[in-house]
Amino acid sequence: MTTGRTTIAAAKGAFLPRHVSQDQVVLAVTVVLVLFFSLFLTGFASTGNLLTLARNVSVLGILSLGMAIVVIARGLDLSQIVSMAVGPAFAMNLAGAGMPLGLALAAGLGLVVCLGVFNGLAIAFLEIPALFTTLASGFLAYGLARLTILNGFIAYVPPGHEGFVFLGQGAVFGVPMPIVIFAAVALLVHLLMSRTSIGRFIYAHGDSAAAASLSGIPVRPLTLLEYMLCAAIAFVAGLVAAASTSNVNTQVISSTLIFDVILVVVLGGISLSGGRGSVWSVVVGTALIGTLLNGMTIRNMDGTLQNIVKGLVLLAAILIDNRLHPRDEETARQGE
Amino acid sequence: MLKKTFRTLSMLALPLASGALLALGAQAQTADLAGGNSSAELKQLVTSKLKGKTVAWVPTTLGFPLTDMWTHVMKQEAEQMGVNLVVRDPAFNTTAQLDAVTALVASKPDVLIVHNFNVQLLAKQLKAAEDAGIYVIQVNMVSNYKTDAYVGADWEQIGRMVGEEVVASCGKGSGSSGKVAVIQGQLTSAASIEQLKGFTTAVAKDPSIKIVSSQAADWDATKANNLTTSVLQQHPDLCATFGFWGTMQDGAAQAVKAAGKVGKVKVYASGEGSRQDCNNVNSGLFHKFLNYNGPNQGRAIMQQASNLLQSGRKAGSARMAFYSTPSWITKDNFDPAVCFDVPKAKAK
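Chains as they are written, first to last, in this note's numbering: chain A, 9 to 344; chain B, 3 to 350.
Put into structure tokens, the structure is as follows:
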């Protein structure tokens with residue numbers, strides 16, 4: 009079983025010094041960028057701006073934590089943004105119709121967990137590759153939701169729920185709530201992945217599903233759990249986003265957000281071939297993307313250029329991933 | 003010899019043909035009513051021009067208050083006119099819209115109404131529709147290819163009007179920093195391009211106004227929220243922010259609220275006047291809102307369809323535009339009735 013960090017020593021064709029892991033590379037790049045921006049961008053190096061930077065990528069970070077669980081288990085969840093948008097939108101519609109907020113949120117959470125269960129069932133029992141399952145289930149779930157439970161694309165947080173809006177707009181000791189929630193979810197996922205047997209099982213699943221199964225790990229029920237967790241965490245991310253803008257625009261599912269999530273996950277060193285990486289990978293990946301986005305916004309760089317920069321960074325990350333975790337006969341087999 | 007005969011024949015044929023055309027034209031003229039006919043006869047004439055005609059409508063998507071309201075009003079008008087309204091919902095997907103329009107052109111409706119994502123996407127299809135004799139009306143976001151009619155906001159005017167307001171409240175002598183942030187929509191949409199042009203031209207007249215940030219949020223409130231949070235961090239003394247659509251600018255307004263700067267940073271937006279726009283003005287989150295009135299646009303769109311069908315003119319023989327009248331909604335003139343709620347019955 010491979011744990012959090014993989015050292016380059018194990019990889020063939022190494023082009024980096026020994027004992028350097030991808031998250032360390034990303035951290036180093038982030039530190040260099042922060043220093044560069046601090047020197048050359050006025051207004052970058054202030055506590056206020058660094059908090060803003062972190063706040064703006066908190067939702068992305070929370071989503072990436074959910075995706076990390078699935079990717080560590082050598083899966084993928086392209087329906088994650090649907091969970092993030094539809095669950096909270098449904099909850100807000102119910103609350104707007106007069107249902108107590110707690111109950112409405114529980115209903116929203118229940119809905120997305122159902123999507124997770126569906127994904128898990130299709131992948132674990134029907135053995136359909138995760139990529140196709142979640143691509144299809146996302147479209148299916150969103151279409152059904154639009155026809156039945158959603159009234160238009162936009163759901164508004166009903167007035168009078170200041171406590172809920174606090175989740176997105178409030179601050180604790182000057183730290184914006186989205187960051188606090190990101191930190192809390194990160195801590196929980198970290199404890200789950202590194203301190204519980206379920207976490208160890210998930211790593212084992214990603215390393216080799218066959219070996220895990222042979223050693224007595226209930227791989228199929230475990231798959232269900234992974235996708236349920238991913239969907240539930242996406243729901244939390246959706247709530248934070250909803251509270252920040254006091255509305256939910258389910259149109260977000262046709263944005264490039266899902267690629268940003270995969271970018272963060274892969275960037276931090278969670279290999280798409282499974283079994284590697286940790287919560288720390290997500291944190292450094294999020295930090296790098298946050299720094300880049302913030303720097304580009306302060307520079308007032310135009311959108312097309314920003315996309316070019318993001319594309320280049322993703323390519324570089326995949327390149328490093330390939331060099332650190334070269335494909336061999338074992339890891340090349342996907343979707344079993 | 004033969005050649006000569008041909009030439010003579012063709013020389014004869016031309017006046018003959020035009021004579022026949024003139025006669026036909028005269029006939030068409032006399033088929034219309036004289037001023038003295040009865041109202042029953044007028045109704046009969048109008049019915050004969052509209053009855054059984056097909057009007058096809060392709061928005062960018064249904065599901066937004068703006069597009070749902072248009073569609074709702076258009077259905078009512080279509081029923082009144084006695085025409086058959088066909089709606090295709092591409093669900094905010096450019097490829098789906100292109101496919102829908104291409105298929106519709108092939109099925110030859112009498113009128114095609116489109117809501118362009120951007121200036122280029124449908125340009126070829128609109129030309130093809132016109133060549134096939136279909137009247138084409140464009141709504142609110144015009145294509146590079148202009149057709150029979152455009153119905154919607156005059157975006158340059160909208161941008162200019164907001165720009166003039168911003169100059170008045172942040173410009174010379176206002177005692178403010180003069181710093182302004184602009185939240186654009188999608189960079190390639192006519193609504194975004196022209197609002198930016200009108201706005202920048204208007205604020206350029208006052209050198210004390212500085213546009214400190216001008217970025218695209220792709221009509222998305224979350225992006226507007228993040229951008230505005232960053233801008234407020236860099237420029238705590240920001241005087242105003244202008245977003246090109248109320249639904250998107252909602253996100254910017256929430257960022258201003260979260261920073262505790264409601265009233266200090268003036269939030270401007272333009273839009274169709276949905277319920278949330280009015281709520282935002284009423285709660286003080288929007289300083290001023292420039293309303294181009296979605297329901298009225300819905301009516302104007304169908305009036306143009308009716309007009310074109312009744313005129314009997316050739317498709318593409320005119321280039322007309324009907325610009326919506328913008329009006330300011332502020333806390334002082336606030337009246338909840340100005341804004342609309344999308345009727346509960348879903349647009350189908």
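Where is the CB? At the ideal position from N, CA and C, for every residue including glycine.
{"Asked": "Delimiting residues of the alpha helix (DSSP H) encompassing G83 (chain A)", "Found": "Here G83 (chain A) belongs to no alpha helix (DSSP H), and DSSP marks it neither H nor E."}
{"Asked": "V234 (chain B) vs A257 (chain B) beta-carbon contact at 9 Å", "Found": "Reading off the sequence, residue 234 (chain B) comes out as Leu, not Val. Result yes, Cβ atoms of L234 (chain B) and A257 (chain B) sit closer than 9 Å."}
{"Asked": "Buried versus exposed call for N118 (chain B) [16 or more other C-beta atoms within 10 Å across all chains shown]", "Found": "buried"}
{"Asked": "Check whether I185 (chain B) and A261 (chain B) have beta carbons under 9 Å apart", "Found": "no"}
{"Asked": "Cβ-based neighbour list, Q299 (chain B), same chain, cut-off 6 Å, excluding 5 preceding and 5 following", "Found": "S326"}
{"Asked": "For T50 (chain A), three-class secondary structure by DSSP", "Found": "coil"}
{"Asked": "Neighbour flag for V188 (chain A) against chain B, beta carbons, 9 Å", "Found": "no"}
{"Asked": "Rounded straight-line distance, which links the Cα of T332 (chain B) to that of Q159 (chain B)", "Found": "18 Å"}
{"Asked": "Beta-ladder partner(s) of G318 (chain B), from DSSP", "Found": "In DSSP, G318 (chain B) forms no bridge with anything."}
{"Asked": "Reduced DSSP secondary structure (H/G/I, E/B, other) of V48 (chain B)", "Found": "helix"}
{"Asked": "Between the CA atoms of N227 (chain B) and K199 (chain B) - distance to the nearest angstrom", "Found": "23 Å"}
{"Asked": "Boundaries (first-last residue) of the beta strand (DSSP E) holding S216 (chain B)", "Found": "212-218"}
{"Asked": "Beta-carbon separation (whole angstroms), G187 (chain B) vs F246 (chain B), contact threshold 8 Å", "Found": "5 Å"}
{"Asked": "DSSP-derived helix/strand/coil call for W288 (chain A)", "Found": "helix"}
{"Asked": "N227 (chain B): contacting residues in chain A (beta-carbon distance under 7 Å)", "Found": "S252, T253"}
{"Asked": "Opposing strand residues paired with Y325 (chain B) [DSSP bridges]", "Found": "B:G154"}
{"Asked": "Neighbour-count burial assignment, S308 (chain B), 16 or more Cβ in a 10 Å radius", "Found": "buried"}
{"Asked": "Cβ pair count under 8 Å reaching 3, the segment 70-77 of chain A against the segment 136-152 of chain A", "Found": "no"}
{"Asked": "Chain B contact residues for N101 (chain A), given Cβ-Cβ distances below 8 Å", "Found": "Per Cβ cutoff of 8 Å: no residues; N101 (chain A) is ~12 Å from chain B at best."}
{"Asked": "Run of the beta strand (DSSP E) containing E183 (chain B), from where it starts to where it stops", "Found": "Note that residue 183 (chain B) is Ala in the sequence shown here, rather than Glu. Here the beta strand (DSSP E) through A183 (chain B) covers 181-186."}
{"Asked": "Beta-carbon proximity of L117 (chain A) to V269 (chain A), cut-off 9 Å", "Found": "no"}
{"Asked": "Segment contact, 8 Å Cβ cut-off, at least three pairs: the segment 70-80 of chain B with the segment 303-322 of chain B", "Found": "yes"}
{"Asked": "Contact residues within the segment 74-104 of chain B, judged by C-beta distance below 9 Å to chain A", "Found": "A93, F94, N95"}
{"Asked": "Chain A contact for P338 (chain B) (CB, 9 Å cutoff)", "Found": "no"}
{"Asked": "Spatial distance of F98 (chain A) from V40 (chain A) (CA atoms)", "Found": "43 Å"}
{"Asked": "Separation of L102 (chain A) from T56 (chain B), as counted between CA atoms", "Found": "39 Å"}
{"Asked": "Segment limits, alpha helix (DSSP H) that includes I316 (chain A)", "Found": "311-332"}
{"Asked": "Contact belief for V292 (chain A) with V34 (chain A) at Cβ below 8 Å, rounded distance in angstroms", "Found": "5 Å"}
{"Asked": "Local Cβ density within 10 Å of L240 (chain B), reported as buried at 16 or more and exposed below that", "Found": "buried"}
{"Asked": "R162 (chain B) burial status per 10 Å Cβ neighbour count (16 or more: buried)", "Found": "buried"}
{"Asked": "Residues that T231 (chain B) contacts on chain A, provided the C-beta gap is smaller than 8 Å", "Found": "T60, R63, N64"}
{"Asked": "L189 (chain B) and G311 (chain A) closer than 9 Å at C-beta", "Found": "yes"}
{"Asked": "Cβ contact check for the segment 82-97 of chain A and the segment 184-201 of chain A: 3 or more pairs under 8 Å", "Found": "no"}
{"Asked": "Between the CA atoms of S178 (chain B) and M92 (chain A) - distance to the nearest angstrom", "Found": "40 Å"}
{"Asked": "Beta-carbon neighbours of D239 (chain B), restricted to chain A and to distances below 8 Å", "Found": "Chain A residues near D239 (chain B): none, gap ~12 Å exceeds 8 Å."}
{"Asked": "Helix, strand or coil at P2 (chain B) [DSSP, three-state]", "Found": "Outside the modelled stretch of chain B, which goes from 3 to 350, sits residue 2 (chain B), for which no answer is possible."}
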